[in-house]
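Taking the working numbering, the leading residue of the sequence shown gets 23, the next gets one more, and so forth.
Just so you know, even glycine gets a beta-carbon here, dropped at the ideal spot from N, CA and C.
This report refers to the structure that appears directly beneath it.
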Amino acid sequence: MVEAFEVDAQARMIPSEEYAKHTATDKVLVLIDHENKVVYLWRGKKADFMNKLMGTRVAARLSHSYPDYRVRPIAEGTEPAAFLSLIGQGHE
């Protein structure tokens with residue numbers, strides 16, 4: 023099971039099934055892959071600095087909620103194969 027969230031400038035996690043299938047270059051996204059115990063923090067190239075910072079805070083908070091999960095920060099354009107497979111390799 024994968025949970026997908028957009029992170030806003032107030033460090034809120036906004037649930038979004040849309041981003042479980044693709045990314046958007048102006049967004050910061052968190053995908054929680056429960057099967058593989060990984061929290062992906064994906065930062066789009068055009069995402070606002072504050073959103074990127076808040077994404078880091080959210081990832082830190084999630085590392086406490088899911089202590090057995092690995093946090094994987096990802097910059098747009100450097101996505102590992104496992105992440106691309108998770109989202110079906112779709113990009114906006």
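query                                                                                                                                                                          : result
Cutting at 6 Å between CB atoms, please list the residues of its own chain near G92, excluding the five before and the five after it.                                          : Here the sequence assigns Arg to residue 92, which means Gly is not the residue at that position. Taken in chain order, the residues that qualify are V60.
Could you name each continuous beta strand (DSSP E) segment of 3 residues or more that falls completely within the region 30-81, going from the start of the chain to the end? : 35-37, 50-55 and 60-65
Counting only the same chain and skipping the five closest in sequence on each side, list residues whose C-beta sits under 8 Å from that of E72.                               : In the sequence on display, residue 72 carries Met and not Glu. Here the set comprises A31.
Going by beta carbon distance, what residues of the same chain come within less than 7 Å of S38, once the five residues before and after it are set aside?                     : A26, F27 and E28
Which residue wins for smallest C-alpha separation from I96, given the options A33, G110, A81 and D90?                                                                         : A81
Please report how far the alpha carbon of T45 lies from the alpha carbon of P102, in whole angstroms.                                                                          : 14 Å
Let me make sure I understand the geometry here. Which of V24, R34 and Y62 has the alpha-carbon closest to that of S85?                                                        : Y62
Short check: CB of E98 to CB of K67, under 8 Å?                                                                                                                                : yes
Measure how close the beta-carbons of I109 and K43 come, nearest whole angstrom, since I'm counting them as under 8 Å.                                                         : 6 Å
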